[in-house]
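J.:
Number of protein chains: 2
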Amino acid sequence: MTTGEARSAQEPRWLDETEQAAWRGYLDMNVRLSAQLNRDLQAAAGLSHADYAVLVQVSEHPKCRMRVLELARALDWEKSRLSHQLSRMQQRGLIDRANCADDRRGSFIELTPKGRRTIEDAAPTHVDSVRRYLFDLLTPEQVDTLGAITRQVLDQLDGLCASEAPTDCSEPPLV
Amino acid sequence: MTTGEARSAQEPRWLDETEQAAWRGYLDMNVRLSAQLNRDLQAAAGLSHADYAVLVQVSEHPKCRMRVLELARALDWEKSRLSHQLSRMQQRGLIDRANCADDRRGSFIELTPKGRRTIEDAAPTHVDSVRRYLFDLLTPEQVDTLGAITRQVLDQLDGLCASEAPTDCSEPPLV
Chain E
0 MTTGEARSAQ
10 EPRWLDETEQ
20 AAWRGYLDMN
30 VRLSAQLNRD
40 LQAAAGLSHA
50 DYAVLVQVSE
60 HPKCRMRVLE
70 LARALDWEKS
80 RLSHQLSRMQ
90 QRGLIDRANC
100 ADDRRGSFIE
110 LTPKGRRTIE
120 DAAPTHVDSV
130 RRYLFDLLTP
140 EQVDTLGAIT
150 RQVLDQLDGL
160 CASEAPTDCS
170 EPPLV
Chain B
0 MTTGEARSAQ
10 EPRWLDETEQ
20 AAWRGYLDMN
30 VRLSAQLNRD
40 LQAAAGLSHA
50 DYAVLVQVSE
60 HPKCRMRVLE
70 LARALDWEKS
80 RLSHQLSRMQ
90 QRGLIDRANC
100 ADDRRGSFIE
110 LTPKGRRTIE
120 DAAPTHVDSV
130 RRYLFDLLTP
140 EQVDTLGAIT
150 RQVLDQLDGL
160 CASEAPTDCS
170 EPPLV
């Protein structure tokens with residue numbers, strides 16, 4: 000697994016050329032695909048990918064409401080970043096905050112009717128972009144492999160999570 | 000390609016179940032793998048993934064220096080985010096800023112000796128994490144397919160880039 004011959008067991012197992020290309024490709028694809036989806040959402044619906052991610056998360060919860068802490072964990076965002084994002088979205092009338100009198104586990108984020116219309120209007124554009132820049136380019140076998148890779152990685156991270164932290168640290172999908 | 004039967008040509012081509020699972024898995028993997036790499040880098044070297052990304056970019060450039068604008072494009076970060084990040088890294092002695100008297104295209108970011116030592120010390124930990132959470136889980140065929148998928152997506156985005164913007168908009172890999 001190492002690139003040299005006389006290395007000790009402690010020598011880092013550097014990536015070989017194929018792995019390096021796949022890893023850099025993966026990172027580069029993440030950045031550029033996300034940027035392109037962002038541009039398409041912005042042009043079609045005036046939404047950033049961050050706006051969209053929040054709207055999707057909340058819209059998929061019962062009654063279209065979700066706790067702030069739960070949302071922060073689902074998006075894996077720092078609290079301050081999420082707080083700024085939610086303030087901007089509230090100012091634009093996409094979401095609202097609600098407190099639950101008999102529950103001290105924090106406030107809820109709710110979709111407003113405008114927020115719901117916005118996510119419903121944006122979804123077709125978004126799925127079209129996801130197809131154009133990803134799924135339309137892949138064979139069914141490649142889609143299967145992509146799905147398998149993500150399951151293997153997530154299972155490994157779940158296992159780590161279970162062994163290191165007995166409390167729930169699973170996270171629902173981003174969008 | 001649609002989930003219904005009597006839909007018009009204008010109906011969004013929603014993702015089928017397999018595609019949906021692959022897409023959500025991909026997004027979820029991005030978030031959680033990045034978070035795990037972040038935690039490992041933080042624990043082993045006191046670096047965030049953002050610190051690491053900046054250090055890698057600059058270290059791979061000739062003389063370990065890089066223009067701020069070039070760095071912003073490579074990382075696909077907004078200027079304000081990069082500016083805050085660079086200020087913090089400068090305060091910690093990892094990078095320095097230099098102006099070029101005969102060149103008005105903006106200032107350079109340079110690695111300090113401490114920055115270079117830090118990236119060299121962090122790299123073995125990082126590659127170990129990347130192996131543990133990704134490559135050790137995959138067959139050689141899956142690695143090939145991952146590489147192929149990323150190339151296809153990046154080629155498609157390059158083509159879009161070339162047809163929409165004649166100026167250079169290619170971006171070097173993130174780390």
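Chain order of the listed sequences is E and B.
Position 149, counted from 1, in the first sequence is what my numbering calls 148; the numbers after and before it change by one each time, with no gaps.
Position 31, counted from 1, in the second sequence is what my numbering calls 30; the numbers after and before it change by one each time, with no gaps.
Cβ coordinates follow ideal geometry from the N, Cα and C atoms, glycine included.
B:TYR132 touches chain E at which residues, Cβ-Cβ below 9 Å?
T.: Per Cβ cutoff of 9 Å: VAL152, GLN155, LEU156, LEU159.
J.: Give me whichever residues DSSP pairs with B:LEU110 in a beta bridge.
T.: According to DSSP, which records beta bridges pairwise, B:LEU110 is partnered with B:ILE94.
J.: Name, please, each residue of chain B whose Cβ falls closer than 8 Å to the Cβ of E:THR111.
T.: Here the premise fails: no neighbours, minimum Cβ distance about 23 Å.
J.: In whole angstroms, what separates the C-alpha of E:GLU59 from that of E:GLU109?
T.: If you take the alpha carbons of E:GLU59 and E:GLU109, they lie about 11 Å apart.
J.: Just the chain E side, please: which residues come within less than 7 Å of B:ALA121 by C-beta, in chain order?
T.: Result: empty, since nearest Cβ-Cβ is about 11 Å, beyond 7 Å.
J.: With a Cβ-Cβ cutoff of 8 Å, do E:THR149 and B:GLY146 count as a contact?
T.: Contact flag unset, no.
J.: So with Cβ pairs under 8 Å, would you call B:MET65 a contact of chain E?
T.: No, its Cβ sits nowhere closer than 8 Å to a Cβ of chain E.
J.: Find the nearest neighbour of E:ASP15 within the set B:GLY114, B:ASP143, B:VAL152, judged by alpha-carbon distance.
T.: E:ASP15 has its Cα closest to that of B:ASP143, out of B:GLY114, B:ASP143, B:VAL152.
J.: Quick check on the DSSP output: the alpha helix (DSSP H) that includes E:ARG72 runs from which residue to which?
T.: Counting along the chain, the alpha helix (DSSP H) containing E:ARG72 begins and ends at 67-74.
J.: For E:VAL174, which residues from the same chain have a beta carbon less than 7 Å from its beta carbon, with the 5 sequence-adjacent residues on both sides left out?
T.: Residue placement at E:VAL174 cannot be trusted, given a pLDDT of 35 that sits under 50; what the coordinates show is reported in the next sentence. Once the five neighbours on either side are set aside, the close Cβ partners of E:VAL174 are TYR51, ALA52, VAL55.
J.: Please go through the same chain and pick out, in chain order, the residues whose beta-carbon is closer than 6 Å to the beta-carbon of E:LEU36, but skip the five residues on each side of it.
T.: Only HIS48, SER128 meet the Cβ criterion.
J.: Taking buried to mean at least 16 other C-beta atoms within 10 Å of its own C-beta, is E:THR117 buried or exposed?
T.: When all chains shown are included, E:THR117 counts as buried.
J.: So if DSSP puts B:ARG12 in a beta bridge, which residue, or which two residues, is it bridged to?
T.: DSSP output for B:ARG12 lists no bridge partner at all.
J.: Compare the C-beta of E:ILE148 against all C-beta atoms of chain B and say whether one is closer than 8 Å.
T.: Yes, E:ILE148 lies at the interface with chain B (some Cβ there is under 8 Å from its Cβ).
J.: Any C-beta of chain E sitting closer than 8 Å to the C-beta of B:GLU59?
T.: Cβ-Cβ to chain E under 8 Å: no for B:GLU59.
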